[in-house]
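First comes the structure, then the notes that go with it.
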Amino acid sequence: MGEDMNFDMGLPIVDLPQTNNCIIKVIGVGGGGGNAVNHMYREGIHDVSYVVCNTDKKALDDSPVPNRLQLGPGLGAGNMPEKARKIAEESIDAINNMLNDGTRMVFITAGMGGGTGTGAAPIIARCAKEAGILTVGIVTIPFKFEGMPKINQALDGVEEISKHVDALLVINNERLREIYPGLTVMNAFAKADDTLTVAAKSIAEIITMHGIMNLDFEDVTTVLKDGGVAIMSTGYGEGEGRVTKALTEALTSPLLNHNDIFNSKKVLLNINFCADDEHTSLMMEEMNEIHDFMGKFRQDVETKWGLATDSTLGNKVKITLLATGFGLQAIS
327 MGEDMNFDMG
337 LPIVDLPQTN
347 NCIIKVIGVG
357 GGGGNAVNHM
367 YREGIHDVSY
377 VVCNTDKKAL
387 DDSPVPNRLQ
397 LGPGLGAGNM
407 PEKARKIAEE
417 SIDAINNMLN
427 DGTRMVFITA
437 GMGGGTGTGA
447 APIIARCAKE
457 AGILTVGIVT
467 IPFKFEGMPK
477 INQALDGVEE
487 ISKHVDALLV
497 INNERLREIY
507 PGLTVMNAFA
517 KADDTLTVAA
527 KSIAEIITMH
537 GIMNLDFEDV
547 TTVLKDGGVA
557 IMSTGYGEGE
567 GRVTKALTEA
577 LTSPLLNHND
587 IFNSKKVLLN
597 INFCADDEHT
607 SLMMEEMNEI
617 HDFMGKFRQD
627 VETKWGLATD
637 STLGNKVKIT
647 LLATGFGLQA
657 IS
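Under this note's numbering, think of the first position of the sequence shown as 327, with each following residue one higher.
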């Protein structure tokens with residue numbers, strides 16, 4: 327049963343389970359973060375728990391996610407990050423209680439530029455990191471049409487949350503518009519939610535899905551712990567040279583924000599393939615392509631890589647790249 331706390335005294339309303347068998351938690355903060363976590367919840371990520379956190383009671387009531395944390399009286403933050411920050415500071419006990427359930431890794435998703443995401447997400451991140459939880463921020467920067475004041479407010483929020491996370495993935499929504507120019511406005515926001523989902527799912531399932539050459543929680547921690555700004559991408563390849571095709575697609579993804587992955591300090595690579603028969607399974611000669619690619623990194627770059635099967639891929643291979651060690655200047 328969840329716990330309801332009366333708000334007459336200004337206390338936060340909490341509807342959270344008492345026990346949690348998942349070590350990974352995804353927290354959506356504010357409207358944008360909540361929308362992203364609603365989408366993740368519907369899509370499903372293996373062995374992950376979800377929480378939506380907002381100063382807006384109506385947004386929480388409309389969420390399909392059962393675990394919710396209301397900050398403040400539920401009237402929203404009026405697009406004022408400082409107000410949301412103050413409300414979050416007053417809700418520290420409830421935030422710590424939400425995190426105190428065996429969680430070892432937390433993704434904090436937020437749309438930067440609004441009130442609650444910009445103001446409260448850094449406070450929640452600080453609580454998680456102080457509790458010794460591996461803390462990863464996945465945030466968005468607004469589309470240009472949302473206006474420069476909102477973008478500037480978002481950049482301030484990015485700078486603030488970067489102080490309180492181990493690693494920070496920043497998705498520039500304007501770049502999504504460049505990649506998918508034919509999108510409607512509604513579909514553009516949905517694409518942003520989907521991109522956040524892919525990022526969280528790709529990292530989480532490296533930990534939760536068993537592999538042939540397994541990357542585990544400690545491997546992911548090695549790459550993300552105090553990693554700074556992170557970049558990640560996925561690529562798919564099919565047919566002849568499919569591994570090279572997947573690597574090329576991952577390396578040329580506009581979501582890398584024009585950063586050179588070979589300038590990273592730590593990198594993790596995961597290869598997924600279908601092992602149903604010898605026609606789809608990864609071949610030894612394809613492993614040589616992986617070996618050659620990993621050999622391109624400087625010797626002082628810490629590298630981790632793994633292999634895992636995914637029966638849904640058919641003849642395709644999927645490669646996930648996650649790199650850390652970039653500064654805030656890497657965000658464009």
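Ideal Cβ placement from N, Cα and C applies to all residues, glycine included. Quantities reported herein were computed from a predicted structural model and do not represent experimental measurements.
Burial is judged here by how many other beta carbons sit within 10 angstroms of a residue's own beta carbon; Ile616 has at least 16 and is buried. Residue range Val511 to Thr534 is occupied by the alpha helix (DSSP H) that includes Thr534. When DSSP reads this structure, Tyr376 sits in a beta bridge with Val352. Nearest neighbour of Val363 by Cα position, chosen from Val377, Ser559, Asn540 and Ala634, turns out to be Val377.
As a beta-bridge residue in DSSP terms, Ile645 pairs with Gly561 and Ile597. Annotation: the continuous alpha helix (DSSP H) that includes Asn478 extends over Met474 to Ser488.
In the three-state reduction of the DSSP assignment, Val462 falls in the strand class.
Judged by DSSP secondary structure, Phe433 falls within the beta strand (DSSP E) whose first and last residues are Met431 to Gly437. Only residues of its own chain outside the window of five on either side were considered, and among them Phe469 and Lys470 have a CB closer than 6 angstroms to the CB of Glu500, listed in chain order. Three or more Cβ pairs closer than 8 angstroms define a contact, and the segment 627 to 643 meets that threshold against the segment 534 to 552. Per DSSP, reduced to three states, the secondary structure at Asn498 is strand. Rounded to the nearest angstrom, the gap between the Cα atoms of Gly483 and Pro448 is 8 angstroms. Each residue's CA atom was taken as its position, placing Gly428 and Ile421 some 14 angstroms apart. Proximity to Lys591 across Met620, Thr560, Arg624 and Ala576 peaks at Arg624, based on C-alpha coordinates.
Gln479 and Lys412 have their alpha carbons spaced roughly 17 angstroms apart. When C-alpha distances from Val555 are compared across Pro507, Tyr506, Thr574 and Gln655, the shortest belongs to Gln655. Residue pairing for Phe652: DSSP places it in a beta bridge opposite Val555. Here Thr521 is near Ile497, since their CB atoms are less than 7 angstroms apart. In the DSSP secondary-structure assignment, Thr635 is bridged to Phe599. Pairwise C-beta distances place the segment 348 to 360 in contact with the segment 380 to 398, as three or more of them are shorter than 8 angstroms. A direct Cα-Cα distance of roughly 33 angstroms separates Ser375 from Asp586. Cβ-Cβ separation between Gly458 and Asn405: approximately 33 angstroms, too far for a contact (criterion under 8 angstroms). Rounded to whole angstroms, Leu401 and Lys409 show a C-alpha spacing of 11 angstroms. Note on Asp519: 16 or more other CB atoms within 10 angstroms of its CB, so buried under the neighbour-count rule. A straight-line Cα-Cα distance of about 11 angstroms links Asn393 and Gly354.
Residue nearest to Glu485 within the set Arg503, Asn641, Leu639 and Thr466 is Thr466 (criterion: CA-CA distance). Judged by DSSP secondary structure, Thr444 falls within the alpha helix (DSSP H) whose first and last residues are Thr442 to Glu456. The beta carbon of Ile505 sits closer than 7 angstroms to those of Pro580, all from its chain and outside the five residues before and after it, given in chain order. With contacts defined by Cβ atoms closer than 7 angstroms, Ala454 and Thr444 do not form a contacting pair. Here the C-alpha atom of Ala634 lies approximately 24 angstroms from the C-alpha atom of Leu495. Rounded to the nearest angstrom, the Cβ distance from Asp492 to Gly553 is 6 angstroms, consistent with a contact under 8 angstroms. For a cut-off of 8 angstroms, the C-beta gap from Ile349 to Lys527 is around 16 angstroms, too long to register as a contact. A distance below 7 angstroms separates the beta carbons of Ile645 and Leu573. Within the DSSP secondary-structure output, Lys630 pairs in a beta bridge with Leu594. In this model, Phe543 and Ser607 are separated by some 25 angstroms (Cα to Cα).
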